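Participant: Just dropping this structure here.
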Amino acid sequence: MAGATSTAAAAATSSRSAAPRCSPRIHSSATNLMDKAINRFLVRNIVEQAAVLRYARGLCHVLPKLYAKVHHCVSWNAIHAHIVSVRSCENRRNCELPQHFRPSLLLDDHLPEVVLRLLHQLLPVPEFQLCAP
C-alpha cells in the first residue's frame with residue numbers, strides 16, 4: 001500500500017515538473033518557454049496623448065497608466081521589433097548589461113566650478129562629507 005501511494009506521488013510531481021511554463025508570443029500564435037522569453041514591462045497612458053492634452057484642462061487628478069508585462073520571442077518578435085539586436089558569436093557569450101548613457105555634462109570633472117558651487121548650495125550635503133579627511 002505504501003509503495004502505491006509513493007509511486008502515485010512521484011508520478012504527480014514528475015508530471016508537474018516535466019511541463020514547462022509557456023507564454024503566448026506577441027504577434028504570433030505559437031507559445032514560448034518562459035525562461036527563454038525576453039520580458040519587458042510596457043507602461044502606457046490609458047488615454048492617448050492628444051486626448052490627455054484635451055482632458056488635462058478639465059481634470060484635477062492624474063490619469064492612471066496601463067502596466068503590462070510582455071513576453072517577446074527571441075526568434076522573430078524581439079529582433080523584428082528592435083527590442084534586442086543580433087550579436088556575433090563572441091558577443092553572445094557576454095552577459096554583462098550594457099552601459100547606460102550618461103551625458104558628459106553631468107560628470108563633476110567637466111562642470112565649471114561656479115556650477116558645482118551652485119549645485120552644492122542647492123542640494124543638501126550630509127555632514128560627514130563636509131569634513132576634510
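The sequence shown begins at 1 in UniProt numbering and counts up by one. All C-beta atoms, glycine included, are put in the ideal place defined by N, C-alpha and C. These numbers come from a predicted model, not from an experiment.
Going by DSSP, what residue range makes up the beta strand (DSSP E) through His71?
Facilitator: In the sequence shown, counting from the first residue as 1, residue 71 sits at position 71. Its beta strand (DSSP E) spans residues Lys65 to His72.
Participant: My output table needs one value for Val84: the three-state DSSP class, helix, strand or coil.
Facilitator: Numbered from 1 along the sequence shown, position 84 holds the residue referred to as residue 84. Coil, per DSSP.
Participant: Please determine, among Ala78, His120, Val62 and Ala56, the residue with the shortest C-alpha to C-alpha distance to Arg40.
Facilitator: Start at 1 with the first residue of the sequence shown, and residue 40 comes out as number 40. The option with the nearest alpha carbon to Arg40 is Ala78.
Participant: Hey, Val74 and Val84 are a contact pair by Cβ (cut 8 angstroms); roughly how many whole angstroms apart?
Facilitator: Here residue 74 is taken as the residue at index 74 of the sequence shown, counted from 1. Here residue 84 is taken as the residue at index 84 of the sequence shown, counted from 1. Right, their Cβ atoms sit about 7 angstroms apart.
Participant: In or out: His100 buried (at least 16 other Cβ within 10 Å) or exposed?
Facilitator: As a position in the sequence shown, residue 100 is number 100, starting the count at 1. Classification for His100: exposed.
Participant: Count the other CB atoms within 10 Å of the CB of Ala37; is the residue buried (16 or more) or exposed (fewer)?
Facilitator: Walking along the sequence shown from the start, residue 37 turns up at place 37. That one is buried.
Participant: With a threshold of 6 angstroms, establish whether the CB of Ser75 neighbours any heavy atom of the ligand GTP.
Facilitator: Looking for the ligand GTP in the displayed structure turns up nothing, as the structure carries no ligands at all.
Participant: Would you mind reading off the limits of the alpha helix (DSSP H) that contains Leu59?
Facilitator: The count along the sequence shown starts at 1 and reaches residue 59 at position 59. No alpha helix (DSSP H) holds Leu59; DSSP gives it neither H nor E.
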